[in-house]
Each structure stands twice: as structure tokens, then as C-alpha cells.
Amino acid sequence: MTYATLIVTCSGGTYFDRDHYVDVHLPLALACWQRHGLESASAFFPRDAKAADVSVGIYRFRDEDALHAALASAETEAVMADVSRFTDATVSRIVGTPL
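This note's numbering puts the sequence shown at residues 18 to 116.
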């Protein structure tokens, strides 16, 4: 099976609300993108409080077409609008597929 992974990192910033990210943002992404093929969403946080990245989000999609369909959907506006509610960090996205 060929799945696709969206890796989202948040770096720097002056605040990051882990509880909001886990309890609100990830469920919001699932609610908005499951119909497009999002299968799971997970959050990871560095052990080192001085790490450049304050969070890593892993969003696993059915395949790369599903990932791109989700990002192009109207629902993406709601997902992106929520970001400022939990951080002012720089958000970067990387798309990965299995080798």
C-alpha cells in the first residue's frame, strides 16, 4: 500500500499550547480531512526544551492524491485558521512517501 505522510513542524515562536494542538487541532484536522483520505494524525514533542522544533505533527493519508486533495479542499481554511490559536511558531510542511 502506498500511503503519504504530511510532516508538519513548528519551530521557534513565543508560545505553543500542546493541549490545544492535541485536543483541538488534531481532531479538527481529522474531521476536515478524513473524507479526503486522512487516516491518522499524531503529535510529537522534543524532550529537549531548547530544541529548535517545538512540535512535529504526522498526518498519514491513504495516498499522495488524497493528501493533495485534502490540502486543496475548502476545509483546509478551518485547519489553517486554528494554527494561531496554539502557536506563533513558523510552520513548515514536508510530504513523504514510502521508498
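Where is the CB? At the ideal position from N, CA and C, for every residue including glycine.
Owing to the predicted nature of the structure, the values given are computational and were not obtained by experimental measurement.
When you compare each of Ala21, Ser28, Glu92 to Ser57 by their alpha carbons, which one comes out closest? Measuring C-alpha to C-alpha distances from Ser57 to each of Ala21, Ser28, Glu92 identifies Ala21 as the nearest.
Please give me, in chain order, every unbroken run of the beta strand (DSSP E) with length at least 3 that falls completely inside the stretch 20-52. For the stretch 20-52, the full-length beta strand (DSSP E) segments reaching 3 residues or more read 21-28 along the chain.
Span of the alpha helix (DSSP H) around Ser101: Counting along the chain, the alpha helix (DSSP H) containing Ser101 begins and ends at 93-103.
Considering Leu55, what are the terminal residues of the beta strand (DSSP E) in which it resides? Leu55 -> beta strand (DSSP E) spans 55-61.
With a Cβ-Cβ cutoff of 8 Å, do Ala106 and Gly54 count as a contact? Result no, Cβ atoms of Ala106 and Gly54 do not sit closer than 8 Å.
Give the DSSP bridge partners of Asp70, in chain order. Note: Asp70 sits in a beta bridge opposite Ser28.
Separation of Thr114 from Leu43, as counted between CA atoms: The straight-line gap from Cα to Cα measures roughly 21 Å.
Write down the C-beta distance between Ala87 and Ser72 rounded to the nearest angstrom, noting that I regard them as a contact closer than 8 Å. 20 Å between Cβ atoms; not a contact.
Less than 8 Å between the CB atoms is what I'm expecting for Phe103 and Tyr38, so what's the real figure, rounded? So it is a contact: roughly 5 Å between Cβ atoms.
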